[in-house]
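Have a look at the structure below, then the notes.
Chains as they are written, first to last, in the working numbering: chain A, 8 to 301; chain B, 91 to 474.
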């Protein structure tokens, strides 16, 4: 089990012959991920690493491999086309790593995606991993993960790794880890992932990492209050960020009172979350919760 | 990327939006010609990328040539400090000389991305001239929203609702609706992240005029708009931030003395938080990125940190994914050699090629303290 990915996940990589696509496709295979094909227009018929078939279109790749997940490494100017192609082929799970897609391009793309029976994760995200089933679809370093029962969700890439590293280094494994992406318009939000963790028998505790900017964390807090029975440990980063400055992620900018770390932490505390006091306390907070629970 | 008021108004004009007649001057010698054309009673507006300009003395209505020339002389070439700028302010390099408009009503109009609806939205309010953040806090019901759908656009019924709720006089409705269509099209055409007209005025003779204009273009979409990118005014940006932008490095200049090099925006924010909690004060936010970060790029990122005169020590927090630790280490050394810097470093490295990365730094002349965890790193930097 775990969420999004499992033993039956068959992955194709759009942009498999590019620098990042080939690096992470290889790293995924080494981790145990079932990469069944790649898509690079114009290179159909060739093989990646002498074993994995490359197709010109997603449609072809899907019909010949039975793929049910697509991982996208396509440059920003072409990424929305790649997302639409995967959605049109009805690949049930589309994970887009690409950073720097113009937001206005995503406005129409997201509507197209929503009109199809598919789920989009990202863009501008590290992807997802299920350590229990050795399935890694994204750019996270596989070696820091450990099979277990803690679900991790965050907007950010390296901060998710930090959380995982802290957990693994004190012997706590993960059921699934998902980075939903740092852009203003993304396919899957915290609430979707929290709901999946709630329904996943392999997840006992949820780590929820948010940041300054927007109000997505407050909405998640409302959802947790009403719908999540499992313990949630939550961290908000960016408490020391100045207002009006974009902290890397397009979304991470304090534009009003509700966008501040303080307002988000208050909402999460009121929702009954275990507040992780600082980014260096992720592991210890989860450990305490696990000890109380079991 | 922010545009100046005069640049925004030029774009407005090309979309058929009414703006007051104006002439841009960047030297006092150009003033008398401008006044001859526009008349002596004008409004003088300093062209800076900062809100709060009016309150800070950056806008002045003058009644005579003498008054105008005294103001221009006192402002051109100085720095304007507003509540939104850093302490040193932003340079006033040009002033817009603008005809006075006979105002009957002041409105607020903007279009920006609504993240929850995943769609651009128009914001309109009768509270023109006020800061919209203030209106949102004190009387949120006074802001009217209408989404601009990417497929069907802003529909006539939405315009009717806007007209009604902000009391647009019947005679002004055609012009107001034209304005709504125009800014909706402009928002998509130029990949804007914000268009704000505050105040938008209804004149004594019921014309709709954009008295001010603020356009912010989305950085990620600038590759599509080379003409718009040419409007960038680097002088208005923080020098180090402008350099980082050129290198595609996410960088924000802060006020402390700990230079921070991190990969990933979330981890960079977390690093600032822990550094602050440990008692130090970060000099910057810096996300060197993952894909595409080679030795040269890391080195240039570190050079930005080292060229910041307030930096007294450097904290490195690299979680190697696609950015390998050996590449980061070589980039750090290259920057230190180039700038002949001796600033002490605390380095925390994890992930891909961490052993090689640490080894490279150990064998260098740099004064490096290694730390295992985020907290240890922050405590070590605080002790230096």
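C-beta atoms are modelled at their ideal positions from N, C-alpha and C, and glycine is treated no differently.
Could you tell me whether the region 210 to 220 of chain B touches the region 282 to 302 of chain B, where touching means 3 or more Cβ pairs closer than 8 Å?
Judged by Cβ distances under 8 Å, the region 210 to 220 of chain B makes contact with the region 282 to 302 of chain B, as three or more pairs qualify.
At what residue ranges does the region 158 to 238 of chain B contain a whole run of the beta strand (DSSP E), taking only runs of 3 or more?
Within the region 158 to 238 of chain B, the complete beta strand (DSSP E) runs of at least 3 residues are 185 to 189, 193 to 204, 209 to 215 and 233 to 237.
By how many angstroms is the C-alpha of residue 174 of chain B removed from the C-alpha of residue 183 of chain A?
So the alpha carbons of these two residues sit roughly 42 Å apart.
Got a sec? Which residues, its chain only, sit under 6 Å from residue 110 of chain B by beta carbon, not counting five neighbours each side?
Closer than 6 Å at the Cβ level, and outside the excluded window around residue 110 of chain B, lie 188, 189 and 191.
Going by the DSSP bridge assignment, what does residue 184 of chain A pair with across the sheet?
Paired residues: A:136 and A:159.
In chain order, which alpha helix (DSSP H) runs of at least 4 residues are fully inside the region 23 to 92 of chain A?
Correct list: 26 to 38 and 65 to 72.
DSSP state of residue 164 of chain A, grouped into three classes?
Coil, per DSSP.
Closest by CA to residue 12 of chain A, which one among A:24, A:39 and A:27?
For residue 12 of chain A, the nearest C-alpha among the options comes from A:39.
Terminal residues of the continuous beta strand (DSSP E) containing residue 291 of chain B?
First-last of the beta strand (DSSP E) with residue 291 of chain B: 282 to 293.
Measuring CB to CB, does residue 64 of chain A end up less than 8 Å from residue 128 of chain A?
Their beta carbons are not under 8 Å apart, which means residue 64 of chain A does not touch residue 128 of chain A by this criterion.
Spell out a yes or no on whether the region 136 to 153 of chain A and the region 169 to 184 of chain A are touching, meaning 3 or more CB-CB pairs, one atom from each, closer than 8 Å.
Touching, yes.
Starting from the beta carbon of residue 342 of chain B, find every residue of chain A whose beta carbon is closer than 7 Å, and list them in chain order.
Ordered by position in chain A, the residues that pass the 7 Å Cβ test against residue 342 of chain B are 252 and 254.
Between the Cα of residue 76 of chain A and the Cα atoms of A:98, A:254, A:197 and A:282, which residue gives the shortest distance?
Comparing Cα positions, the closest option is A:98.
Measuring CA to CA, which of B:148, B:132 and B:142 is closest to residue 156 of chain B?
Taking only the C-alpha atoms, the option nearest residue 156 of chain B is B:132.
Whole angstroms are fine: how far does the CA of residue 300 of chain A sit from the CA of residue 200 of chain B?
So the two alpha carbons sit approximately 50 Å from each other.
For residue 213 of chain A, report the span of its beta strand (DSSP E) as first-last.
Unbroken beta strand (DSSP E) run through residue 213 of chain A: 212 to 218.
Suppose the cutoff is 7 Å on Cβ atoms and the five residues either side in sequence are ignored; what does the same chain contact list for residue 154 of chain B look like?
For residue 154 of chain B, where only same-chain residues beyond five positions count, the Cβ hits under 7 Å are 130.
When you check each C-beta in the region 22 to 33 of chain A against every C-beta of chain B, which residues fall closer than 8 Å?
If the cut-off is 8 Å between Cβ atoms, the region 22 to 33 of chain A has 26, 27, 30 and 31 near chain B.
One question on the structure: do residue 61 of chain A and residue 54 of chain A come within less than 8 Å of each other, judged by their Cβ atoms?
Yes. Within cutoff.
Is it the case that the Cβ atoms of residue 242 of chain A and residue 356 of chain B are separated by a distance below 8 Å?
Not closer than 8 Å, so no.
Is the CB-CB distance between residue 263 of chain B and residue 216 of chain B below 8 Å?
No.
Which residues of the region 307 to 334 of chain B have a Cβ closer than 8 Å to any Cβ of chain A? Give them in chain order.
Listed in sequence order: 308, 310, 311, 313 and 314.
Give a yes or no on whether the C-beta atoms belonging to residue 410 of chain B and residue 441 of chain B are separated by under 8 Å.
Yes, these two residues count as a Cβ contact at 8 Å.
At 3 residues or longer, what runs of the beta strand (DSSP E) sit wholly inside the region 98 to 154 of chain A?
The qualifying runs are 100 to 103, 126 to 128, 134 to 137 and 142 to 145.
For residue 373 of chain B, which three-state DSSP category applies?
In the structure shown, residue 373 of chain B sits in coil (DSSP, three-state: anything other than H, G, I, E or B).
Give me the Cα-Cα distance between residue 314 of chain B and residue 82 of chain A, rounded to the nearest whole angstrom.
Looking at the two C-alpha atoms, the distance is approximately 13 Å.
Helix, strand or coil: how does DSSP classify residue 439 of chain B here?
The answer is strand: DSSP assigns residue 439 of chain B an E or B state.
Assign residue 295 of chain B to one of two classes, buried (16 or more other C-beta atoms within 10 Å of its C-beta) or exposed (fewer than that).
Its Cβ having fewer than 16 others within 10 Å, residue 295 of chain B is exposed.
Return the Cβ separation of residue 205 of chain A and residue 237 of chain A in integer angstroms, given the expectation that the two are a contact with Cβ distance under 8 Å.
Going by Cβ atoms, the distance from residue 205 of chain A to residue 237 of chain A rounds to 6 Å, so yes, they are a contact pair.
Note down, one range per segment and in chain order, each alpha helix (DSSP H) of at least 4 residues found wholly within the region 289 to 344 of chain B.
316 to 319 and 329 to 336, all fully within the region 289 to 344 of chain B.
Where do the N-terminal and C-terminal ends of the alpha helix (DSSP H) with residue 445 of chain B fall, by residue?
Its alpha helix (DSSP H) spans residues 444 to 452.
Measure from the C-beta of residue 100 of chain A to each C-beta in chain B and report whether the shortest distance is under 8 Å.
No, no contact with chain B.
Can you tell which of B:455, B:421 and B:158 has its C-alpha closest to the C-alpha of residue 433 of chain B?
Out of B:455, B:421 and B:158, B:455 has the C-alpha closest to the C-alpha of residue 433 of chain B.
Based on the DSSP output, what are the partners of residue 114 of chain B in its beta bridges?
BP columns for residue 114 of chain B point to B:186.
State yes or no: is the beta carbon of residue 410 of chain B nearer than 8 Å to at least one beta carbon in chain A?
Yes, its Cβ sits closer than 8 Å to a Cβ of chain A.
Taking C-beta pairs closer than 8 Å, name the residues in chain A that residue 351 of chain B reaches, listed in chain order.
Within 8 Å Cβ-Cβ: nothing; residue 351 of chain B doesn't reach chain A, min ~13 Å.
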